[in-house]
Structures are given as C-alpha cells and as structure tokens.
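FYI, the UniProt record's numbering numbers position 214 of the sequence shown as 214, with every residue one higher than the one before it. C-beta atoms are modelled at their ideal positions from N, C-alpha and C, and glycine is treated no differently.
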Amino acid sequence: MEYGKVRASVDSVLPGAKLIQLKGFANGNENYNVAKETITKGYTKEDFQGLSDKQADIRDMGKYWIGAVISMGYIVIDSDNAAEGERIYRLLKGEDISFHAIRTPKGHQFIFKYTGEPFNQSVKWFTTLGVTIDTRNAQKGYIVFPTDNTEGRVIEHVSNKPLDELPHYLIPRRVADSIRDNNTGFIDTFSLNDGSRDVMMTKWRGRFWAWNMNEEQYRESMLLIWKYFIDDKDSFLEQQMEKHIEKGMEFVYTPALKTSNELQTINSGDWWVISDKGSQKFLHYVMADYIAENFNIIRYGDESGILYYYDNNDGFYKMDPHWKLLNWQIRTLDKTLTIQQVKEVATSIYESAPVIKEWHRTHIPLKNGLWDIEKRELVPFTHDVFLDYKINIDWNADAYSGFIDETLNKISNLDVPTRANLEECLGSIISPDLLSRFVWFLFGRTAHNGKSFFLYLISQLLSDNFISTLSPHDVAKSQFKISEMYGKKVNLVDEVGDRAIPDFDKIKLLITGGLATIEFKGKGGFTVKLEVPQVWASNFFPNIKEEGDQVNRRLEIIPFDFNFKNDPNKLADTVAERKASSDQSKEYLLKLAIEGMYRLIENDGNPSPNEKRNQQKEEFKQNNDKLGEWLDTRNIIAADGCYNEIDYMSATEIYKLYTSWCFENDERFPYGKTRFKNEMMKRFNLTCIKKRLIDVKTGKEVGNPVVRYVIKE
C-alpha cells in the first residue's frame, strides 16, 4: 500500500508543514473542543520531525484528526464568523489576492506568506476591515487539516500563483472587537443615520491614527469596507463614501493639554482635538486605544469577568476588580480629566478587553522567570503567557536543604512512598493545571505529628494572597464562600474536626475544576472555571454526609504517624519556622514540588502507589459507611440460606427499622428512602418487585403482594 495521501494534500497549501496527531473523534469522542487537541508533544521544538507519511495516513484511517504545524514563512488568518469569513473570501477573490483558503465548520482559514513578527495566538484581533480574527503563527500554531474525518472542513481555494504577503487590512491591529454592531456583527461606523456619519468618520480616523495607519492604507481600507461590507449602496453611494473619507483626512488633530481656559501643545496625548472653529473635545476612545495598545489588559472568565493587567515588573497578570489601577493609569496620562471622562475611558477599555476563559497551563511563574513545563527549563517572562499568580522563589537546580530533607523524612515516618506523596502534594499546588482532582487529607490520630508544619511548608511556596483557609463546612453553607476562593491557588484547612460536612457537591466542584458562578456582594455574577487544590488536616476522619465512590475516590488520605513530642532533636516552633522560611529551604521545596508535579503528570494525576495510603482509605471507607453498623444488627440475607428479613418484611418496613435505629443512635444524616433502596440493592444483589411475603412459621406465601426485596437470579 502506498502512503502519502495526507502529505500531498497538506503540501498543496502549506508546503513542508510538520504533521501532528490530534484526538479527533476516535475512541467514541464526540466533543469538538477535545477533538482538536493535540496528542503529539514537542511540535514547537526546532528538531521536531512530525508524523511520517505512513503514520499520518494510518491515523487518518483510524478516525484521528491530523494537525498541520504552520510552516516557516507562512501565517494563517482564522475567521470564526461565517458571514465575515464569506465576505473576506469574496474580497480576496475580487481584489485578485493570491491566497489559499480552507472552509471550516465556523468560517474560513486564509493562508498567506508572512515574514514579520508573530502575533499573540491566544486572543482575538481587530482589523481595519472591522472584522475579528485569530492567527496561527509559523512553528507555534497548527490547524486541523481537512481530511475525510473532518466533516465541514474542506480546502476551498488553492492559488495557482505564488502567495501574496498578508494584506495590511488583515493585519491584527488591536485585541478588541468593541466597535461592532450588536445586530449585524460588523463595525458600527456606517450603520448610523446621515447626521452622525461625520462624527463617526472622525472617530474612525482617530482609531486608524492610533493604529499607525497611513493615508493610503486608510483610504483603501475604507473603500474595501464600502465595496464588500456595505450592503445598502443605493442610500450610501461611493461618492458619498469618498466625501466622508476626504473630510476625515482634512480634519486636523492638534495634540493639546487642557489647562484652565488655555490650550497648550504637547508631544503626546492626542485625545484632545481642536476643530477649525477652535472648540476642543476629549476623545475618550483615542486614550482608550492608546492604553489598550501600550498595556496588556484582559477580562477573565466571560464578558462580565474581572479586569486583569500585566505587571511587567512581576511577570504575571494582576487582578483589578474595582478598576483602581486602571483609573490611576488614566489619571497619570492626563490629570485634568473629570470623573466622568475617566469613567468613559475605563469603560471603553473594559468593554474592548479580550476575554480569557482559561489561564495557561504550560508555564509556572517563578521569581527568576517562567518554568516551561514541556521543555523543563526556565524561559523569560512574557505577557503572552496568561497566568494570575507567581511563586516568588528562584529556580535553583542545585538547591538543597538538610533541614527540609530531615523534616519531610520525619513527617513521613521514614516511609518512602509517603514522602513521595507529600512532594506530589506540593507539586499539585504549584502546577498551573489542576492535577489532583481530589482532597489531600493529612491524617494523624495524635497531636504533634507534623500536619500543621507541613501546611506551613506549603505556605512558603505561595504568598498569603494566593491562599484561602475556608473549612469545608463554610463552603457548604454559602455561594459567597465559594467566591472567596476566586483567585486562590490552594485552600488549607488546619483542622477539619468531626462535624458533619453536609454538602460534598460544592467541594466536588472545586476539586474537579467545574464551572462556578462567582458572586460578590453588591455585584453581578460571572462564570469561571474554578480550580483550587484542597489540603485538609485533621486528627479525625472527615465526617461527610454522602458516602460511596463519589467520596472515596475524591480523598487521598496521607498518614502522619510520627510523634514530634518524642523527638529529642525537636526544634521550637519559631526556630523551625525561621529555618523553613529561608531562601535555601524554599528553593529546595520548590525543586521537590516540581519533581512531584512531574510524577503526577506521568501518573495522569494519581499519586504514587502507597500501601499505607490505601489502608487509610479502606479504614475511612468503613468508618464512613452509614449502613454498615446497622446492617451488623440485622439478618438481611441469611448465610445458611434460611428465610431472612427480606422474605417476611416489606421494603417499607425494613426502611422504618433503619430510620428508627438512626434516631436512637443520633445519626444526623440518614439515607432517604430511594437512596436506602438503591444501596440495599447494590450491596446484596437485590431487586425490588411486588410479591407476597413468606410466613415464618409455615414457609408459605401469605397476604397480598407488597413491594419487597428479592435476590436477583
């Protein structure tokens, strides 16, 4: 069999592109967002080879998708809006531009030659045509390549001439699409009445100046908008468009600063304009564009999310929920602005800020740079990596602390698997990805076993503002309590106690990374993916209302068997804490945490095997069995095969016996009737049917049929 079908197709539009394997709809997967994820790792490295022709064809036949890494010297412009993509396609064909095009289920992908600086691939960009696009950069991005498996994705156009460079009107200009009409989806510049068009043209001209557009590019972009994006040309003639363009060009900006009643010319701040009549006007959108171009500002979660700005000094995105820092920046640029003018600028920036739905999971922000998880090396800070936290510790490959080493050995009671689990707990906390989808439960039966000090070690990895200390009981009570975990990287609970935790579902949402509505008092809610590793400590097993697999698989119980009270070398708490907070100790903790993180990644998020941990989990399972003790008092299924309770008692009568026992034994959270029935059937291989009961004395069926348990055959 000859191979090379996929390669030949790829080379027709992206010559030499490296091929990678995507998940596709293989193995029963039906989720598009999962399907387009890559299985192949390391494709951004220079020495990456990619799939062979044979591998690509075989994977394509196996329902996997094939990805094509963008070749050097090329760029892909991706339009996810079908209507916009169709208009761009007509424009490029009509203007005789040489390009390749792929039709996708959502829109179009356009391929051009490009040798300039790469663009941020993580955000949507605004172009001078009034459309939004994504980019796929050479050697950094990839596209889902059309094959027989990719329904709705086809190569639509292949140019028979050498490709043109990316046209200026499709160059990404700013990360926003705020100047759009909510109904049409296109720019609002020309959807207004005649009386307001002069104002809007001036506004459009101001935006183009902020984007460093020259007059030739300005004119061409405007005429292309009229030609391909304005449908009602009868009421808006080309001559009319030319008139508006010329008028926009004639309008003169005079950068000025307002001081009392005088105008003073300055070198920057062209948000003040003077017309030919001498009147002045503040153009809030020009200042907003300037700030958006010069500062990296985003919204997180959804369109109503909290504002973040990139701190160049610290190397990560910082929360600005009340716009205090944004307002300060606006006033720094122009101290003469009124409160209303500041608000106009801030609102414009907020509404146009790109929405980031998830933080990046590829890097860890450290004191001396970003730790690249895939490359396992330190790389420089960049605003293109969206992270909202920082570990203020230097990476030191040679780090070591005898104090930390000895302390962890003691805490784990010299048990190697337990020590490995403790390091993995540290690793789950520093990771930008939610690796541990369970609660790390630090369990010790006596005091002085090191649980609290291990929590202190965790606190040395993260600043206090990234740590929450909410008990599971508090979280179960209120949605506002869950909101208090927003922006946190770990939740540490020093003593859970033996009080019942009534609602484990809210805890499950946190440890599985579910979507949560964040609600702050007095403010509207917004939706985010909330991922906060949970580390609880207690001398008691957690008393959880629910039980069964949902709880058991959400707890990893680490035993703390050492007794520091009997340790002749025990240090005073203040001395131990001082040693733990030294740079040497923290650098070694970070090194151990990174090693633990990689073990979790290799084990698909599961801690390393530990027999002691398994024993604790089994003991907890028995301890948390809400039927076990009651069942010990009953003869539900007779061992010798003789008649037993399910033969001569109805299901309702058996449930009443259970609830009476719960009342007498102060069981606060007995099972409801349905849950009880399901648990009985699961444990004893029963089913519930209508059938007559058996008389104990005669062994014969008596009375009318009732709902009762019988053994499945």
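Identify which residue in the options has its Cα closest to the Cα of residue i.
i                 : options                           : result
glutamate 37      : Tyr3, Ala138 and Ile143           : Ile143
leucine 627       : Val696, Pro670, Leu307 and Tyr588 : Pro670
threonine 332     : Ser12, Val345 and Pro321          : Val345
aspartate 47      : Asn569, Gln139 and Lys54          : Gln139
aspartate 498     : Phe663, Ala537, Glu215 and Ile558 : Ala537
glycine 73        : Thr338, Asp464 and Ile111         : Ile111
valine 123        : Lys113, Leu129, Thr115 and Gly141 : Gly141
asparagine 543    : Lys579, Arg578, Glu495 and Ile511 : Glu495
glutamine 616     : Phe540, Val69, Ala56 and Asn603   : Phe540
leucine 129       : Glu84, Glu701 and Val154          : Glu84
phenylalanine 560 : Asn644, Arg554 and Thr418         : Thr418
glutamate 611     : Asn644, Ile558 and Arg634         : Ile558
threonine 40      : Gly50, Asp60, Tyr32 and Gln109    : Gly50
glutamate 556     : Phe443, Tyr89 and Gly369          : Phe443
phenylalanine 459 : Lys477, Ala516, Ile393 and Ser483 : The question names phenylalanine, but residue 459 in the sequence shown is serine. Answer by Cα proximity: Ile393.
Taking the C-alpha atoms as reference points, what is the distance between residue i and residue j?
i                 : j              : result
tyrosine 43       : lysine 281     : 52 angstroms
cysteine 688      : lysine 712     : 9 angstroms
arginine 197      : leucine 600    : Only weak support is given to the placement of arginine 197: the predicted model assigns it a pLDDT of 46, under 50, and the value that follows is read from those uncertain coordinates. Looking at the two C-alpha atoms, the distance is approximately 60 angstroms.
asparagine 623    : asparagine 566 : 29 angstroms
aspartate 388     : tyrosine 3     : 46 angstroms
phenylalanine 316 : aspartate 372  : 15 angstroms
leucine 192       : valine 273     : Residue placement at leucine 192 is poorly supported in this model, since its pLDDT is 36, which falls under 50; the coordinates still yield a value, given next. Leucine 192 and valine 273: Cα-Cα distance of roughly 23 angstroms.
threonine 336     : asparagine 296 : 24 angstroms
isoleucine 404    : glutamate 587  : 10 angstroms
lysine 621        : asparagine 120 : 49 angstroms
valine 286        : tryptophan 328 : 17 angstroms
tryptophan 323    : valine 355     : 16 angstroms
threonine 527     : glycine 116    : 37 angstroms
isoleucine 694    : isoleucine 654 : 15 angstroms
aspartate 415     : proline 380    : 38 angstroms
proline 15        : arginine 7     : 9 angstroms
leucine 455       : asparagine 569 : 21 angstroms
lysine 357        : alanine 399    : 36 angstroms
glutamine 584     : glutamate 406  : 14 angstroms
alanine 288       : lysine 343     : 11 angstroms
leucine 492       : isoleucine 20  : 41 angstroms
aspartate 632     : aspartate 573  : 46 angstroms
phenylalanine 453 : lysine 488     : 20 angstroms
Within a Cβ cutoff of 8 angstroms, which residues of the same chain sit near residue i, ignoring the five residues on either side of it in sequence?
i             : result
glutamate 595 : Glu423 and Gly427
arginine 391  : In the sequence as presented, arginine is not what sits at residue 391; that position holds isoleucine. These residues qualify, in order along the chain: Ile364, Pro365, Leu366, Lys367, Ile430, Leu461, Leu462 and Leu590.
Cutting at 7 angstroms between CB atoms, please list the residues of its own chain near residue i, excluding the five before and the five after it.
i              : result
lysine 63      : Gly24, Phe25, Ala26 and Asn149
threonine 674  : none
cysteine 662   : Pro670
glutamate 303  : Val355
isoleucine 97  : Asp164 and Pro167
tryptophan 630 : Tyr658 and Trp661
asparagine 563 : Thr446, His448 and Asn449
glutamate 156  : Ala101, Ile102 and Arg103
glycine 195    : Unreliable positioning characterises glycine 195 in this predicted model, as indicated by a pLDDT of 41, which lies under 50. The coordinate reading is nonetheless provided below. Once the five neighbours on either side are set aside, glycine 195 has no close Cβ partner at all.
arginine 554   : Phe438, Val439, Lys508 and Ile511
For residue i, collect the residues of the same chain with a Cβ closer than 6 angstroms to its Cβ; drop the 5 residues on either side in sequence, then sort them by chain order.
i              : result
aspartate 177  : Confidence is the limiting factor: at aspartate 177 the pLDDT is only 39, short of 50, which leaves the residue's position unreliable and the question unanswerable from this model.
proline 118    : Asn137
proline 472    : Ile501 and Ile507
arginine 708   : Ser650, Ala651 and Lys691
methionine 597 : Gly427 and Ser431
serine 12      : Val158
glutamate 531  : Leu434 and Gly513
alanine 17     : Val10, Ala68, Val69 and Ser71
On the DSSP bridge list, what partners appear for residue i?
i              : result
aspartate 134  : Asp78
glutamate 377  : Asp372
asparagine 491 : Ser468 and Gln534
glycine 67     : Ile20 and Val144
lysine 113     : Tyr74 and Glu165
arginine 103   : His108 and Val154
aspartate 311  : Phe316
residue 721    : The structure shown does not extend to residue 721, since the chain spans only 1 to 713, so no value can be given for it.
lysine 529     : Leu515
tryptophan 323 : DSSP, once it has assigned bridges, lists no residue as partnering tryptophan 323.
tryptophan 125 : Ile133
Say whether the segment 98-113 touches the segment 136-153, bearing in mind that this needs 3 or more beta-carbon pairs closer than 8 angstroms, one atom from each stretch. yes
Can at least three beta-carbon pairs, one atom from the segment 75-83 and one from the segment 125-143, be found at a separation below 8 angstroms? As far as the Cβ criterion goes, the segment 75-83 touches the segment 125-143, which means the pair count is three or higher.
Kindly confirm or deny that the segment 369-383 and the segment 408-422 touch, where touching means at least three C-beta pairs closer than 8 angstroms. no
With a cut-off of 8 angstroms, do at least 3 Cβ pairs link the segment 462-469 to the segment 565-581? no
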